Amino acid sequence: MSDQKKGEVLKKRREARRQKKAAASLDIQNQCPSITFQDNEKDTEQPVLINLQAISNTDMPGQESIVDCVQTLNYSATGNKCACHPQHYASLSVEQEILSKKLESRHAKDRARYANMTLEQRQAIRDHQNGRNATTDQIETRRARQRARYANMTSEQKHAKRDREYACGEFRRNTLGPKSIAMENPLYNPSDYPYD
Numbered sequence: 002m003s004d005q006k007k008g009e010v011l012k013k014r015r016e017a018r019r020q021k022k023a024a025a026s027l028d029i030q031n032q033c034p035s036i037t038f039q040d041n042e043k044d045t046e047q048p049v050l051i052n053l054q055a056i057s058n059t060d061m062p063g064q065e066s067i068v069d070c071v072q073t074l075n076y077s078a079t080g081n082k083c084a085c086h087p088q089h090y091a092s093l094s095v096e097q098e099i100l101s102k103k104l105e106s107r108h109a110k111d112r113a114r115y116a117n118m119t120l121e122q123r124q125a126i127r128d129h130q131n132g133r134n135a136t137t138d139q140i141e142t143r144r145a146r147q148r149a150r151y152a153n154m155t156s157e158q159k160h161a162k163r164d165r166e167y168a169c170g171e172f173r174r175n176t177l178g179p180k181s182i183a184m185e186n187p188l189y190n191p192s193d194y195p196y197d
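First residue of the sequence shown: 2, per our numbering; consecutive thereafter.
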């Protein structure tokens, strides 16, 4: 094939591809009119779709033709901003409303419980919350309470407490963290290293 014929074939292919893209973008704009992006080089808005799933009726029997605009990007001169489909925003607002109702009911329950508490119970809660920022006096009083509680335990309770603490420590020692250098390498093959 000569260079001239090859150039003509490639030119026709590029033109067909350009027309196909234009038709697809027009179809996308008809179904999802809010999807555009700013082309900074040409200062024009052009349609773009990041995730488009098109399933035709002939490919999957019993399924209707679906064009799902899952996620789009709205490009601007200041930076990338994500612009999602309106149905996505609607589902987000419903989820946020449900979460806010749950939080409000929990806060109301906490307010009612706090209102029914005695002053000593409220102070105990405050002390427990401020345990991280405790002064040395508070730490000493807490340790004195713990010593008194331990002294009042029976020998079986003391043994059970020691066994629990030991088991917890043993579990911690035997459980490797995800970044531990002692983590076993699943790709290690001893036959690859004959001199180990």
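In this text, a Cβ means the ideal position worked out from N, Cα and C, and glycines have one as well.
Remember, predicted model here, so these are calculated numbers, not experimental data.
Which of the three DSSP states is assigned to Glu16 in this structure?
Reading the sequence shown from its first residue, position 15 is the one you call residue 16. Reduced to three states, the DSSP call for Glu16 is helix.
Taking 8 Å as the cut-off, decide whether the C-beta atoms of Tyr115 and Arg127 are in contact.
Counting from 1 along the sequence shown, the entry for residue 115 is found at position 114. Counting from 1 along the sequence shown, the entry for residue 127 is found at position 126. Not closer than 8 Å, so no.
Could you have a look at Glu105 and say whether DSSP puts it in helix, strand or coil?
As a first step, residue 105 is located in the sequence shown; it is residue number 104 there, counting from the start. It is helical.
Return helix, strand or coil for Leu177, following the three-state DSSP convention.
By one-based count along the sequence shown, residue 177 stands at place 176. Reduced to three states, the DSSP call for Leu177 is coil.
Contacts around Gln141, its chain only, beta-carbon distance under 8 Å, and the 5 residues preceding and following it disregarded
The residue labelled residue 141 in the question sits at position 140 within the sequence shown. Looking at the sequence itself, residue 141 is Glu, so the reference to Gln does not match. If the five residues before and after Glu141 are omitted, its C-beta is found closer than 8 Å to no C-beta atom of its own chain.
Identify whether Ile99 lies in helix, strand or coil by the three-state DSSP scheme.
By 1-based counting over the sequence shown, the position of residue 99 is 98. In the three-state DSSP reduction, Ile99 falls in the helix class (H, G or I).
Thr142, enclosing alpha helix (DSSP H) - first and last residue
On the sequence shown, position 141 is the one that residue 142 refers to. Annotation for Thr142: the continuous alpha helix (DSSP H) segment containing it runs 137-152.
Tell me which residue opens and which closes the alpha helix (DSSP H) that Leu188 is part of.
Taking the first residue of the sequence shown as 1, we reach residue 188 at position 187. Annotation for Leu188: no alpha helix (DSSP H) segment contains it, and DSSP assigns it neither H nor E.
So for Asn117, helix, strand or coil by DSSP?
Numbered from its first residue, the sequence shown carries residue 117 at position 116. Coil, per DSSP.
So, with DSSP's three-state summary, where would you put Tyr167?
Numbered from 1 along the sequence shown, position 166 holds the residue referred to as residue 167. In this structure, Tyr167 counts as helix in the three-state DSSP scheme.
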